[in-house]
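S.K.: Chains as they are written, first to last, in this note's numbering: chain D, 496 to 807; chain B, 10 to 280.
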Amino acid sequence: MSFLSRQSNYWKRIDYFHLFCWGASIATVLLFALIICEIISKAAPAIQEFGWHFLTGSEWRPNRDIYGVFPMIIGTAASSFIALFLALPLGVSVSLFLSENFLPATPRHFFRMMIEMLAATPSVVYGLWGIFTVVPLVHHYGNMIARHSHSLPFLKGPAYGNSLLTASLVLSLMILPTIASLSRSALEAVPQSLREGAYALGATRWETILHVRIPYAAPGIIAAAILALGRAMGETMAVAMLIGNSQCFTLSLFSPSNTLSALLANQFAEADGLQISALMYVALILVILTLGTNFLGEIIRRHMQKITAEGH
Amino acid sequence: MTSPLASLPFSEPFADDVVCDQRFIEVSNFNFFYGKKQVLFDINLTIPARQVTAFIGPSGCGKSTLLRNLNRMNELLPGVSHSGTIAIHGISIFDPSIEVIALRRRIGMVFQKSNPFPKSIFENVVFPLRIMGKQSRSFLEETVERSLRAVALWDEVKDRLKESALGLSGGQMQRLCIARAIANQPEVLLMDEPCSALDPIATAKIEELIVELKKEFTIIIVTHSMQQASRISDLTAFFYLGKLIEFDQTQRIFTAPIQKKTEDYITGRFG
Chain D
496 MSFLSRQSNY WKRIDYFHLF CWGASIATVL LFALIICEII SKAAPAIQEF
546 GWHFLTGSEW RPNRDIYGVF PMIIGTAASS FIALFLALPL GVSVSLFLSE
596 NFLPATPRHF FRMMIEMLAA TPSVVYGLWG IFTVVPLVHH YGNMIARHSH
646 SLPFLKGPAY GNSLLTASLV LSLMILPTIA SLSRSALEAV PQSLREGAYA
696 LGATRWETIL HVRIPYAAPG IIAAAILALG RAMGETMAVA MLIGNSQCFT
746 LSLFSPSNTL SALLANQFAE ADGLQISALM YVALILVILT LGTNFLGEII
796 RRHMQKITAE GH
Chain B
10 MTSPLASLPF SEPFADDVVC DQRFIEVSNF NFFYGKKQVL FDINLTIPAR
60 QVTAFIGPSG CGKSTLLRNL NRMNELLPGV SHSGTIAIHG ISIFDPSIEV
110 IALRRRIGMV FQKSNPFPKS IFENVVFPLR IMGKQSRSFL EETVERSLRA
160 VALWDEVKDR LKESALGLSG GQMQRLCIAR AIANQPEVLL MDEPCSALDP
210 IATAKIEELI VELKKEFTII IVTHSMQQAS RISDLTAFFY LGKLIEFDQT
260 QRIFTAPIQK KTEDYITGRF G
């Protein structure tokens with residue numbers, strides 16, 4: 496009997512543990528729901544006041560209570576896509592380099608660690624580095640480029656140091672480790688048997704990478720890209736320090752621009768009345784955008800996985 | 010850069026050349042090391058063309074290692090070294106002028122676990138041709154049909170060539186891998202325990218296939234199954250602890266082995 500009672504004690508303990516885990520999970524979800532509710536309720540006056548025009552309006556004038564975030568939405572999309580465009584080829588190349596045996600194991604681990612350190616560097620440090628290094632570069636070379644291509648709206652001058660391009664360049668460095676390390680896991684998950692199979696058929700290392708490893712790892716690489724995009728869209732500090740915080744709509748890479756997150760960071764301290772509500776609306780849009788991006792990424796990844804599995 | 014293999018008799022028809030046929034692959038004084046650990050000891054072996062040669066022996070005897078040396082797959086592992094030579098058609102495969110890529114294109118390999126690429130059935134078979142830059146649609150289609158017919162898979166999959174190879178059964182996948190290995194018409198087919206993951210019916214099909222394929226290819230098969238070796242091979246090599254103990258006609262090995270070790274192994278006294 497004592498054996499049985501001990502058994503039941505054991506299960507009781509497990510029950511508490513389960514309860515704790517359940518509680519923690521539910522609390523997390525509830526907390527997120529609460530945050531969203533809070534944002535929506537604070538944003539309600541602005542939503543009632545502006546409705547959809549908030550998204551399409553291109554004027555942001557707190558002193559006259561006119562709020563529109565179209566330039567910031569474009570700025571957010573542009574800066575994060577440019578950053579992704581720059582970081583993706585670089586990140587995938589890095590991940591290939593680190594997952595092949597180009598280097599002996601020890602220096603390879605060293606490289607890997609250094610690249611992962613990029614992810615651990617605080618955002619404000621990137622911002623500071625951007626201000627003192629990237630801003631003067633973009634200012635100098637931007638003006639040179641603009642002078643020779645004044646007909647193109649994307650390269651229109653005058654080039655300011657704090658600009659869309661500066662923010663995108665620094666962002667691309669910030670999302671590089673995400674892409675590199677997630678792609679590396681995806682590439683390393685390619686079964687050794689497939690690599691051997693390709694080598695045994697006379698494929699070179701390059702052909703094995705191109706025809707077997709990258710296609711097999713594609714869903715993982717795409718997931719890496721989307722996660723990085725999400726990170727770039729939400730990134731605040733470095734962008735707020737570099738993008739120039741101009742509420743005017745512009746197409747030029749060399750002009751100051753703004754993103755949703757940088758707008759929030761810059762204006763919250765001095766906001767009151769309807770402006771707070773408008774900023775809450777901005778926060779809501781930002782959350783929806785980043786959630787949507789991650790959701791979309793997941794869908795694309797699953798779809799791709801199915802395609803790879805079916806081999807069309 | 011053209012391969013020296015391509016310009017030498019290795020890739021030409023050699024049906025009349027009886028001497029060459031008998032001494033198609035020659036392994037001489039071959040030693041092989043993983044790091045400092047020696048796993049093959051002074052192997053001497055002459056394999057004739059268009060016959061099935063079986064490598065048998067207990068696990069860890071070095072039979073797979075020797076097989077993987079014939080197309081230099083072991084070079085993909087870190088810290089390996091060897092001494093002695095392996096010659097095919099009298100040309101050392103370790104000769105610095107031999108391109109390993111070209112060598113592997115002339116020697117097909119089938120692995121223990123089938124490893125189709127996550128591509129369509131069609132793309133799996135034409136993979137070796139694609140990497141050689143062959144584009145012609147009609148040529149690729151011909152090759153697919155010929156290769157799949159050769160492995161008796163054509164009738165089963167001809168209506169779903171565009172579907173993923175991963176939807177096939179285990180036995181079909183392994184036959185697809187054989188079709189892929191012979192698509193580029195290599196001269197040698199290396200098989201590393203090709204049936205060990207298959208059920209008896211699929212195994213019987215592959216065995217039938219091997220007997221059929223030896224008309225065209227020189228086949229070397231590593232197997233754990235002595236029954237399989239006795240059923241399909243013409244010659245059998247018995248390995249033990251990295252040494253070649255006995256190499257002879259399969260019939261002789263299984264009825265009147267000379268070495269005591271061979272007899273003990275084939276009668277199941279150890280292994």
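Just so you know, even glycine gets a beta-carbon here, dropped at the ideal spot from N, CA and C.
1) Note down, in chain order, all residues in the segment 113-131 of chain B with a beta-carbon under 7 angstroms from any beta-carbon belonging to chain D.
2) Using CA coordinates, which residue listed in D:T673, D:F576, D:G625 is at the minimum distance from I610 (chain D)?
3) Return helix, strand or coil for I102 (chain B), following the three-state DSSP convention.
4) In three-state DSSP terms, what is I771 (chain D)?
5) Just to make sure I have the definition right: I need the residues of chain D whose C-beta is within less than 8 angstroms of the C-beta of N80 (chain B). Which are they?
6) Among B:A265, B:M200, B:L244, which residue has its Cα nearest to the Cα of F256 (chain B)?
7) In chain order, what residues of the segment 134-164 of chain B put their CB closer than 8 angstroms to some CB of chain D?
8) What is the rounded straight-line gap between the Cα of M669 (chain D) and the Cα of Y621 (chain D)?
9) Whole angstroms are fine: how far does the CA of N40 (chain B) sit from the CA of S90 (chain B)?
10) I'd like to know if the segment 772-787 of chain D and the segment 557-571 of chain D are in contact, where contact means that at least 3 CB-CB pairs between them fall below 8 angstroms.
11) State the Cα-Cα distance for the pair E21 (chain B) and R115 (chain B), rounded to the nearest angstrom.
12) Should E202 (chain B) and R240 (chain B) be called a contact, given that it needs their Cβ atoms to be closer than 8 angstroms?
13) Taking the continuous alpha helix (DSSP H) assigned at A188 (chain B), which residues delimit it?
14) Determine the contact status of S678 (chain D) and V619 (chain D), defining contact as a CB-CB distance below 8 angstroms.
15) For L682 (chain D) and A712 (chain D), which I take to be in contact (beta-carbon distance under 8 angstroms), what is that distance rounded to the nearest angstrom?
16) Please go through the same chain and pick out, in chain order, the residues whose beta-carbon is closer than 7 angstroms to the beta-carbon of M235 (chain B), but skip the five residues on each side of it.
17) For the segment 169-193 of chain B, which residues have a CB atom closer than 8 angstroms to at least one CB atom of chain D, in sequence order?
18) Counting only beta-carbon separations shorter than 8 angstroms, does V707 (chain D) have a partner in chain B?
19) Measure from the C-beta of P87 (chain B) to each C-beta in chain D and report whether the shortest distance is under 8 angstroms.
20) Say the cut is 7 angstroms; is the CB of A213 (chain B) nearer than that to a heavy atom of the ligand ADP?
21) With distances taken between CB atoms, is the gap from V153 (chain B) to I187 (chain B) smaller than 8 angstroms?
22) So, is the C-beta of G725 (chain D) closer than 8 angstroms to a C-beta in chain B?
23) Can the beta-carbon of I717 (chain D) be found less than 8 angstroms from the beta-carbon of R796 (chain D)?
24) Who are the neighbours of P710 (chain D) on chain B, taking C-beta pairs under 9 angstroms?
25) Return the CA-CA distance between K45 (chain B) and L112 (chain B), expressed in angstroms with no decimal places.
26) Could you tell me if T195 (chain B) is buried or exposed, where buried requires 16 or more neighbouring beta carbons within 10 angstroms of its beta carbon?
M.R.: Inspection of the coordinates gives the following:
1) R113, R114, M118, F120, K122, N124, F126, P127, K128, S129
2) What you label residue 610 (chain D) is simply residue 115 of the first sequence in a count that begins at 1. The shortest C-alpha separation from I610 (chain D) is found at D:T673.
3) Stepping through the second sequence from its first residue, residue 102 (chain B) is reached at position 93. Residue state, collapsed to three classes: coil.
4) The residue given as residue 771 (chain D) occupies position 276 in the first sequence. Three-state DSSP puts I771 (chain D) in a helix.
5) Here the question's residue 80 (chain B) lines up with position 71 in the second sequence. Those are A695, listed as they occur along chain D.
6) Translated into positions along the second sequence, residue 256 (chain B) becomes position 247. Comparing Cα-Cα distances from F256 (chain B) to each of B:A265, B:M200, B:L244, the minimum goes to B:L244.
7) F136, P137, R139, I140, M141
8) Against the first sequence, residue 669 (chain D) aligns to sequence position 174. Against the first sequence, residue 621 (chain D) aligns to sequence position 126. Rounded to the nearest angstrom, the two C-alpha atoms are 8 angstroms apart.
9) The count along the second sequence starts at 1 and reaches residue 90 (chain B) at position 81. The count along the second sequence starts at 1 and reaches residue 40 (chain B) at position 31. Straight-line Cα distance between these residues: approximately 8 angstroms.
10) yes
11) Start at 1 with the first residue of the second sequence, and residue 21 (chain B) comes out as number 12. Start at 1 with the first residue of the second sequence, and residue 115 (chain B) comes out as number 106. With a pLDDT of only 45 at E21 (chain B), under the threshold of 50, the placement of this residue in the model should not be trusted; the figure read from the coordinates follows. Roughly 11 angstroms separates the two Cα atoms.
12) On the second sequence, residue 202 (chain B) is found 193 positions in, with the first residue counted as 1. On the second sequence, residue 240 (chain B) is found 231 positions in, with the first residue counted as 1. Their beta carbons are not under 8 angstroms apart, which means E202 (chain B) does not touch R240 (chain B) by this criterion.
13) For the purposes of this step, residue 188 (chain B) is taken as residue 179 along the second sequence, with counting starting at 1. From DSSP, the alpha helix (DSSP H) with A188 (chain B) extends over 179-191.
14) Taking the first sequence and counting its residues from 1, the one referred to as residue 678 (chain D) is at position 183. Taking the first sequence and counting its residues from 1, the one referred to as residue 619 (chain D) is at position 124. Cβ distance not < 8 angstroms, so S678 (chain D) and V619 (chain D) don't count as in contact.
15) Walking along the first sequence from the start, residue 682 (chain D) turns up at place 187. Walking along the first sequence from the start, residue 712 (chain D) turns up at place 217. Sure, about 5 angstroms apart at Cβ, within 8 angstroms.
16) On the second sequence, residue 235 (chain B) is found 226 positions in, with the first residue counted as 1. Closer than 7 angstroms at Cβ, skipping near neighbours: I65, I275.
17) K171, E172, S173, A174, L175, G176, C186, R189, A190, N193
18) In the first sequence, residue 707 (chain D) corresponds to position 212, counting from 1. By this cut-off, V707 (chain D) is an interface position.
19) The residue given as residue 87 (chain B) occupies position 78 in the second sequence. Judged by the 8 angstroms Cβ criterion, P87 (chain B) is in contact with chain D.
20) Here there are no bound small molecules, and the ligand ADP is not part of this structure.
21) On the second sequence, position 144 is the one that residue 153 (chain B) refers to. On the second sequence, position 178 is the one that residue 187 (chain B) refers to. No; because the gap between Cβ atoms is not below 8 angstroms, this pair is not in contact.
22) Stepping through the first sequence from its first residue, residue 725 (chain D) is reached at position 230. No, G725 (chain D) does not count as interfacial toward chain B.
23) Working through the first sequence from its first residue, we reach residue 717 (chain D) at position 222. Working through the first sequence from its first residue, we reach residue 796 (chain D) at position 301. In this structure, R796 (chain D) lies closer than 8 angstroms to I717 (chain D) by Cβ.
24) Position 215 of the first sequence, counted from the start, is the residue given in the question as residue 710 (chain D). Those are F126, P127, K128, listed as they occur along chain B.
25) Here residue 45 (chain B) refers to the residue found at position 36 when the second sequence is read from its first residue. Here residue 112 (chain B) refers to the residue found at position 103 when the second sequence is read from its first residue. Spanning the two alpha carbons is a distance of roughly 27 angstroms.
26) Translated into the one-based positions of the second sequence, residue 195 (chain B) becomes position 186. Looking at the sequence provided, one finds Pro at residue 195 (chain B) rather than Thr. Buried is the call here.
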